[in-house]
Amino acid sequence: MFLRVENIPAQKLVGKSLTMSFANDRTVELWRSFMPDRFKIIHRLNDELLNMQVYSTQMEFENFNPELEFEKWAVAEVSEFGAIPEGMKTYTLSGGLYAVFLHKGDFREFNKTIQFIYGSWLPSSGYERDTREHFERLGAKYLNNHPDSEEEVWIPIR
Numbered sequence: 002m003f004l005r006v007e008n009i010p011a012q013k014l015v016g017k018s019l020t021m022s023f024a025n026d027r028t029v030e031l032w033r034s035f036m037p038d039r040f041k042i043i044h045r046l047n048d049e050l051l052n053m054q055v056y057s058t059q060m061e062f063e064n065f066n067p068e069l070e071f072e073k074w075a076v077a078e079v080s081e082f083g084a085i086p087e088g089m090k091t092y093t094l095s096g097g098l099y100a101v102f103l104h105k106g107d108f109r110e111f112n113k114t115i116q117f118i119y120g121s122w123l124p125s126s127g128y129e130r131d132t133r134e135h136f137e138r139l140g141a142k143y144l145n146n147h148p149d150s151e152e153e154v155w156i157p158i159r
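Structure below.
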């Protein structure tokens with residue numbers, strides 16, 4: 002479900018990343034590594050976490066290639082880059098204009114949300130997908146693989 006269009010400032014993030022593709026999805030490995038250490042991150046702005054994808058400029062959702070690699074991050078937003086926990090890195094999210102959607106349900110339903118975004122909403126919106134970071138905001142209503150789970154899906158647009 003479409004929620005809003007929002008212009009956000011650059012954001013300071015701390016977390017872990019892995020290179021992967023849709024054919025070689027390492028998301029579970031990434032989050033299993035990140036979650037035990039997330040409380041070591043200082044200067045956190047809130048309890049929300051971001052599941053962020055940094056795609057190369059070659060990534061085209063219209064001509065989808067499941068073998069194309071991208072970088073996925075498990076991160077928390079911070080007010081400043083203080084002492085970074087061992088094994089973690091910093092990243093500055095570019096900011097800019099985003100379309101925000103609500104995904105309800107477990108991960109097996111996520112493809113329906115993506116199909117709606119790229120197959121219905123985006124072509125009729127007057128916007129185009131931008132090459133900045135994509136991310137999901139995992140807040141208090143995120144219940145990890147539960148049918149009542151909710152997360153915001155942020156798609157960069159121009």
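With the sequence shown counted from 1, adding 1 to any position gets you this note's numbering. All C-beta atoms in this analysis are idealised placements derived from N, C-alpha and C, irrespective of residue type, glycine included.
Three or more pairs of CB atoms, one per stretch, sit closer than 8 Å, so the region 92–109 contacts the region 150–159. The C-alpha of residue 84 is placed about 31 Å away from the C-alpha of residue 151. Under DSSP, residue 13 takes part in a beta bridge, and its partners are 79, 93.
In this structure, residue 15 places its C-beta atom within 7 Å of the C-beta atom of residue 77.
Between the region 10–27 and the region 102–112 there are fewer than three inter-stretch CB-CB distances shorter than 8 Å, so the stretches are not counted as touching. Take the alpha-carbon of residue 49 and the one of residue 148: they are about 19 Å apart.
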